[in-house]
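Contents: one structure, followed by commentary.
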Amino acid sequence: MSVADRLPKSDSERALLIGSICILLGALLTLTPLRTTLPSGLYVFFEVGILFVIYGILVLGLNLQYGHTGLVNFGHVVFFAVGAYTVAMLSAQDTFAGIGLGYPWPLTLVVGVVTAALLGAIVGATSLRLRDDFLAIATLATAEIFHTLFINFRGIFGGNVGILGVPQPVKDLAGDGDTTLLATLLLIGGLTAVTFTVVTRLTNAPYGRVLRAIRADELVTRSVGKATFTYKMQAFVYGAALAGLAGGLFALYNGAVAPGYFTIQVTVTVWIGMLLGGAANNRAVLAGLAIIMGLRLLSRFALGVAPVSADAFASIRLIVVGMILIAVIRYRPAGIWGNAKELGVDS
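Numbered per the numbering used here, the sequence shown finishes at 1380, counting up by one with no gaps.
Okay, here's the thing in structure tokens:
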């Protein structure tokens, strides 16, 4: 058997291999004296890249809920925030405001994922029997309620200041800033690739076919003996847990959490990325997210030459993103790489 025959053939196998290599390289940079120097002009690309791989876990969870199961969740950011705040409150030390208990960060990351999953179970149990538009309103309202709680309960969540002093394990171990950026991108990028593998194998299994049957016609799926509510609940909780994982990683990378990091804009970004790439296609939703975040990054460089103020330019950038989304929905309603037949839309 040749070397080429031994290489991974499926997307999930390739992602697992790439993720394992990235995690290994990131661990070497973090745990050994190896150091790297990055060109200063590339710092912004690495910072946006880290945000992309964190949001990548978010969009994979949202795609499991909506793309594969048809659950319209407009409050995905709340699970992201709950995971981040749980990690921050349990692990922070000497925080300026809010609670900081100083527990070991690996334990707090696990608790953050579990807490987000529990919140997903509560929201799902009370909302998943609602019609799609009511489910969207209920999840959006949940996100707004928690956002208000984070701001107003300063003694617990730190108010607008948030919670500072969150451990940054990669930064503490790597030492210098350049190595920290590269190691963080490799480690979280590797975790995103592993997440892609897990979600892809789950959705390619018979379990995933049941989810897509529920999305296509829940009544027919129920008529053949499938417990549709149980499947919907599981998909919703899995997506919430992935969002909690992304939030916990964000807190450990950023070293602080605050309400400004968890606005509705986060949900909008991952929704646009999913719809642009093509819902129900895990690789496509990551590509769509990369396009949106890439456009936002490149547009930063146009600010210096554009004859408008920064506020006006920010509005123009949102208009351009909106026009792109409208064009995709008009001419490619299933997304750039989506399957129109599978999603049941007119191409």
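From the three backbone atoms N, C-alpha and C, an ideal C-beta is built for every residue, glycine too. Source: prediction; values computed, not measured.
Item                                                                                                                                                          : Value
Does the structure place the region 1244-1255 close enough to the region 1087-1094 that three or more beta carbon pairs sit under 8 Å?                        : no
May I have a chain-ordered list of the alpha helix (DSSP H) segments no shorter than 4 residues that lie completely inside the region 1161-1248?              : 1165-1185, 1187-1190, 1202-1207, 1210-1237
Quick check on DSSP: helix, strand or coil for Val1290?                                                                                                       : strand
Tell me which residues share the same chain as Leu1161 and place their Cβ nearer than 8 Å to its Cβ, disregarding the 5 neighbours each side in the sequence. : Leu1104, Leu1168, Phe1262, Lys1265, Met1266, Phe1269
Using CA coordinates, which residue listed in Leu1206, Asn1372, Gly1133, Ile1083 is at the minimum distance from Arg1245?                                     : Asn1372
Counting along the chain, where does the alpha helix (DSSP H) carrying Ser1342 start and finish?                                                              : Looking at the DSSP string, Ser1342 is not in any alpha helix (DSSP H), and its letter there is neither H nor E.
I'd like the list of long-range same chain contacts for Gly1208, defined as Cβ closer than 8 Å, with 5 residues on each side in sequence excluded.            : Arg1068
DSSP on Lys1259, reduced to helix/strand/coil?                                                                                                                : coil
Closest by CA to Gly1191, which one among Ile1155, Pro1137, Phe1129?                                                                                          : Phe1129
In angstroms with no decimal places, state the Cα-to-Cα distance between Arg1242 and Thr1230.                                                                 : 17 Å
Relative to the alpha-carbon of Asn1287, which residue among Val1120, Phe1112, Asn1106, Ala1158 has its alpha-carbon at the smallest distance?                : Val1120
Would Leu1062 pass as a contact of Leu1215 if the rule is Cβ separation under 8 Å?                                                                            : yes
Can you tell me whether DSSP reads Gly1153 as helix, strand or coil?                                                                                          : helix
Please classify Tyr1088: does DSSP put it in a helix, a strand, or coil?                                                                                      : helix
Let me confirm a value: Tyr1076 is counted as buried when at least 16 other C-beta atoms fall within 10 Å, else exposed. Which label applies?                 : exposed
Tell me which same chain residues have a C-beta within less than 6 Å of the C-beta of Val1036, skipping the five on either side of it?                        : Here Val1036 scores only 49 on pLDDT, less than 50, and its place in the model should not be relied on; the value that follows carries that caveat. Around Val1036: no qualifying Cβ.
When DSSP labels each residue in this structure, what does Pro1366 get in the three-state scheme?                                                             : coil
Residues in its own chain within less than 7 Å of Trp1370 by CB, not counting five upstream and five downstream?                                              : Gly1310, Gly1311, Asn1314, Ala1317, Ala1320
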